[in-house]
Amino acid sequence: MKKINVVLLEPEIPQNTGNIARTCAATDSALHLIRPLGFDVDDKHLKRAGLDYWQYLDLHFYDGWADFIDKHGDKELYFFSTKARRCYAEAEYGDEVFLIFGKETAGIPEEILKTHEESCVRIPMYGDLRSLNLSNSAAIAVYEVLRQKGFEGLNRAGKLFPAEVDINGEVVF
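Taking the numbering used here, the leading residue of the sequence shown gets 41, the next gets one more, and so forth.
Below, the structure written as structure tokens:
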């Protein structure tokens, strides 16, 4: 399986980005940050949220949306937005996907969403609530792609209850 790519368009809150970085490191996903950022990458809150996972992170920076699109516009892009019609779980994710999230206060700009309407997906929520936390949304999206791929490459057994192998060499839980 090729890498899952999480893209943050102008993220504003360092703790969210740090949490997403930790999710990316734990799932061998790449993190792409599109400037301007609402924080300094040396921010102590960013580093604290990512704990000691930064060394495992595949991290990329872009000088704006146009820079990102120039490099990856021909790839399989999914735009997560509360304005989308289709549920994220209805999408069939390919081998290399880019999961794009907007900034915490405004989401992805409408002009970008309108340009990519067929690639927009939403996470269902109850009632008229505005949105989920950005780091929670990114984790939901990453794990849906992983679920569709059978969690390929991830350790599915815990330390307390390790996996067993049957006579055919298959992992049994």
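Ideal Cβ placement from N, Cα and C applies to all residues, glycine included.
Straight-line Cα distance separating residue j from residue i
i, j, result
"L77", "R162", "23 angstroms"
"M82", "L99", "Contrary to the premise, residue 82 reads as Asp rather than Met in this sequence. Taking the straight line from one Cα to the other gives about 14 angstroms."
"H72", "I207", "42 angstroms"
"K154", "A124", "10 angstroms"
"R187", "L48", "22 angstroms"
"G104", "Q55", "21 angstroms"
"P149", "N195", "37 angstroms"
"D135", "E116", "9 angstroms"
"F79", "E204", "45 angstroms"
"G8", "K43", "Shown here, the chain extends from 41 to 213; a query on residue 8 therefore has no answer."
"I152", "K199", "44 angstroms"
"L172", "A197", "29 angstroms"
"E158", "T145", "23 angstroms"
"A61", "A131", "24 angstroms"
"N59", "N45", "15 angstroms"
"K189", "K84", "35 angstroms"
"V137", "C127", "16 angstroms"
"T67", "D168", "32 angstroms"
Buried versus exposed, by CB contacts within 10 Å (16 or more), residue i
i, result
"L139", "buried"
"F108", "buried"
"P51", "buried"
"A106", "exposed"
"A129", "exposed"
Residue range of the unbroken beta strand (DSSP E) whose run includes residue i
i, result
"E116", "116 to 120"
"A70", "70 to 74"
"N45", "44 to 49"
"R62", "Unbroken run through R62 is the alpha helix (DSSP H), 54 to 67; no beta strand (DSSP E)."
"R170", "Counting along the chain, R170 falls outside any beta strand (DSSP E), and DSSP gives it neither H nor E."
"Y96", "Counting along the chain, Y96 falls outside any beta strand (DSSP E), and DSSP gives it neither H nor E."
Contact under 7 angstroms by Cβ, residue i with residue j
i, j, result
"Y102", "A65", "no"
"T57", "A179", "no"
"V182", "Y133", "no"
"C160", "F191", "no"
Proximity to residue i [Cα-Cα], best of the options
i, options, result
"G113", "H156, D168, G193, S175", "H156"
"L174", "A131, A106, F79, K143", "K143"
"Y96", "P164, S69, E158", "S69"
"G147", "R170, K189, E192, G193", "R170"
"Y166", "K189, T122, E130", "T122"
"I74", "D168, T67, K84, D110", "D110"
"K176", "D168, K189, F141", "As written in the sequence, residue 176 is Asn, which differs from the Lys given in the question. Of D168, K189, F141, the residue nearest in Cα terms is F141."
Limits of the unbroken alpha helix (DSSP H) element including residue i
i, result
"Y183", "174 to 188"
"F108", "105 to 112"
"L153", "150 to 155"
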